[in-house]
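A short write-up of the structure that comes next.
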Amino acid sequence: MEKSSKCTSKQFFLLGHLVFFTQLKRSPNSKSKNQSFAPRTPAPVPTSNRFDALGNPIPGTSKQNTDSRGNTSHEKPTPMYIRGLSHITAIPKHMLKYGIQNYDVKILKKGQEAKIQLATVDDYRKVQSGFKKSEVPFFTFQLKSERAFRVALKGLHPDTNTDEISKELTRLKFIPRKVSNLANRLGEKTGIFILELDKSQEGSGPHPIYKLTRFMHYVVNVEELRKKKQPVRCYNCQEYGHTRNRCNLTTICSVCSEKHATESRNAPNNDLSWNDEVTLA
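Quick note on the UniProt record's numbering: the sequence shown kicks off at 1 and runs consecutively.
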């Protein structure tokens with residue numbers, strides 16, 4: 001067999017096996033013969049924000065609100081959840097009564113619960129107040145703008161008056177909303193006080209309350225509150241996922257499951273378990 005003097009397909013026979021040799025491409029960093037070595041003109045850097053169009057509100061659905069301090073905000077109100085078929089079907093009637101047009105309703109739990117999403121904070125407060133007066137069973141959550149900055153103040157005497165603590169905080173240029181003493185499981189006072197302050201003083205850095213080391217002539221320590229590991233429980237309806245502060249559902253006793261408040265139940269003389277339940281509630 002004569003060997004061909006020219007191998008156009010780059011095929012060679014080696015020990016009876018067909019071997020292909022493929023020429024590899026050059027590295028992308030290498031310069032080809034026809035490539036120009038002239039300096040390239042850099043691409044222009046965009047100076048405008050291409051996401052500006054996403055921030056434009058849809059006409060008729062503006063969420064611009066004014067809070068009690070006169071500050072303008074674009075806060076989205078928290079949803080409301082209504083129970084009961086008769087109350088759910090009466091939602092359009094309630095909204096017409098309150099003069100509200102922009103709202104969305106989503107049916108949950110096979111028609112036994114409805115989620116209402118309002119457009120503005122003003123509408124949210126109007127509906128919340130109206131539902132309470134009409135005794136509509138519902139629950140909702142705290143607005144983000146109403147949430148306070150909460151810390152634990154340690155080092156004071158357990159019997160320190162909370163009003164005096166609030167006055168001293170005001171004198172130190174803080175804005176207290178609420179001061180409460182943290183009780184233990186037996187209902188006894190402790191030396192830990194929960195301070196709820198206005199968030200306007202928080203700023204970008206740590207809150208100035210953390211610099212407090214002397215308070216009312218006591219050596220004190222301010223610490224961040226520990227987050228609860230267990231799920232949030234409502235001590236009004238005994239359900240999970242919300243608190244009793246904004247719950248308008250049917251009141252259920254945590255001891256006997258009857259329709260009354262746990263605190264109003266007549267305790268047996270030696271029923272210690274009932275006392276523990278009341279303390280936790």
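By construction, the Cβ of each residue, glycine as well, lies at the ideal position given by its N, Cα and C atoms.
Quick one: using the 10 Å Cβ neighbour count with 16 as the cut-off for buried, is residue i buried or exposed?
i: H242; result: buried
i: Y124; result: buried
i: T72; result: Unreliable placement is indicated for T72, whose pLDDT of 45 sits below 50; no coordinate value is reported for it.
i: N245; result: exposed
i: residue 286; result: This structure gives no information on residue 286, because the portion of the chain shown stretches from 1 to 281.
i: L249; result: buried
i: Y240; result: exposed
i: R214; result: exposed
i: N236; result: buried
i: R226; result: exposed
i: V179; result: buried
i: T120; result: buried
i: L169; result: buried
i: residue 302; result: Only positions 1 to 281 of the chain appear in this structure, which leaves residue 302 out of reach.
The beta strand (DSSP E) spanning residue i covers which residue range?
i: M95; result: Per DSSP, M95 belongs to no beta strand (DSSP E); it is in the alpha helix (DSSP H), I91 to Y98.
i: V179; result: P176 to A183
i: L159; result: The displayed chain sequence assigns Asp, not Leu, to residue 159. Per DSSP, D159 belongs to no beta strand (DSSP E) and is neither H nor E.
i: F149; result: F149 to K154
i: N221; result: N221 to E224
i: I82; result: M80 to R83
In whole angstroms, what is the alpha-carbon distance linking residue i and residue j?
i: L182; j: L118; result: 36 Å
i: T262; j: Q142; result: 24 Å
i: D163; j: H217; result: 16 Å
i: S264; j: C256; result: 12 Å
i: K93; j: Q101; result: 11 Å
i: D198; j: K167; result: 15 Å
i: L108; j: K115; result: 7 Å
i: A152; j: P44; result: 53 Å
i: K259; j: G205; result: 47 Å
i: V222; j: G84; result: 45 Å
i: V105; j: C234; result: 24 Å
i: I252; j: V232; result: 16 Å
i: L186; j: S200; result: 36 Å
i: R150; j: I91; result: 36 Å
i: N184; j: Y103; result: 43 Å
i: L212; j: R177; result: 18 Å
Compute the distance between the beta-carbons of residue i and residue j, then report whether it is under 9 Å.
i: P158; j: E188; result: yes
i: residue 283; j: K173; result: This structure gives no information on residue 283, because the portion of the chain shown stretches from 1 to 281.
i: F138; j: Y81; result: yes
i: V136; j: H207; result: no
i: M254; j: Q230; result: Residue 254 is actually Ser in this sequence, not Met. No, the pair does not count as a contact, with Cβ atoms beyond the cut-off.
i: E224; j: A148; result: no
i: I165; j: F193; result: yes
i: L156; j: G111; result: no
i: K126; j: E75; result: no
i: T140; j: P79; result: yes
Hey, quick one: how far does the alpha helix (DSSP H) through residue i stretch, first residue to last?
i: Q142; result: Careful: Q142 lies outside any alpha helix (DSSP H) and carries neither H nor E.
i: D198; result: No alpha helix (DSSP H) contains D198, which DSSP labels as neither H nor E.
i: Q238; result: Q238 -> no alpha helix (DSSP H), and no H or E assigned at all.
i: Q112; result: No alpha helix (DSSP H) contains Q112, which DSSP labels as neither H nor E.
i: Y124; result: V121 to K133
message: Check whether the stretch 124–131 and the stretch 90–100 are in contact - that is, three or more C-beta pairs closer than 8 Å.
response: Yes, since at least three Cβ pairs between the stretch 124–131 and the stretch 90–100 fall closer than 8 Å, the two stretches touch.
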